[in-house]
Amino acid sequence: SDGIKVYGGFAGTETELSQRDWLTNLTVLSGDIGLISDFSDNSYKVLSVLGSAENTIDKLLIDGLVIEGGNSNSNGGGMSIEYASPVIVNTRFSNNRAASQGGAV
Numbered sequence: 312s313d314g315i316k317v318y319g320g321f322a323g324t325e326t327e328l329s330q331r332d333w334l335t336n337l338t339v340l341s342g343d344i345g346l347i348s349d350f351s352d353n354s355y356k357v358l359s360v361l362g363s364a365e366n367t368i369d370k371l372l373i374d375g376l377v378i379e380g381g382n383s384n385s386n387g388g389g390m391s392i393e394y395a396s397p398v399i400v401n402t403r404f405s406n407n408r409a410a411s412q413g414g415a416v
């Protein structure tokens with residue numbers, strides 16, 4: 312299997328993956344679901360990649376996203392990763408928080 316591939320950077324007119332421009336056409340995954348700039352009402356995690364000891368996730372590509380506004384009460388406000396080794400490229404983590412470790416990841 313080729314795994315899962317998540318791509319951002321599309322305007323909507325592309326016919327080929329190579330035509331996307333992830334710097335100009337921002338694809339934002341945001342945890343800011345309530346009042347703007349009020350972290351108390353944000354989601355705890357914007358993106359979670361959760362495998363297990365028996366079923367690790369090793370074929371995941373995240374390419375060309377902005378992940379922002381996570382506010383975790385533990386770790387990984389922007390992205391939480393367990394039993395996984397995703398490939399993350401051309402991706403910006405911005406304004407994420409965590410009470411413990413890793414505001415971004």
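Mind the numbering: the sequence shown is residues 312 to 416 in the working numbering, read in order.
C-beta atoms are modelled at their ideal positions from N, C-alpha and C, and glycine is treated no differently.
Going by beta-carbon coordinates alone, are residue 360 and residue 393 separated by less than 9 Å? yes
Would residue 320 be called buried (16 or more neighbouring beta carbons within 10 Å of its own) or exposed? buried
Alpha-carbon spacing of residue 386 relative to residue 413, whole angstroms: 5 Å
Residue 375 and residue 407 - do their beta-carbons sit closer together than 9 Å? Contact: no.
Can you give me the C-alpha to C-alpha distance between residue 364 and residue 322, rounded to a whole angstrom? 39 Å
Tell me residue 399's beta-bridge partners as DSSP assigns them. Bridge partners of residue 399: 373.
Please report the straight-line C-alpha distance between residue 318 and residue 368, rounded to a whole angstrom. 18 Å
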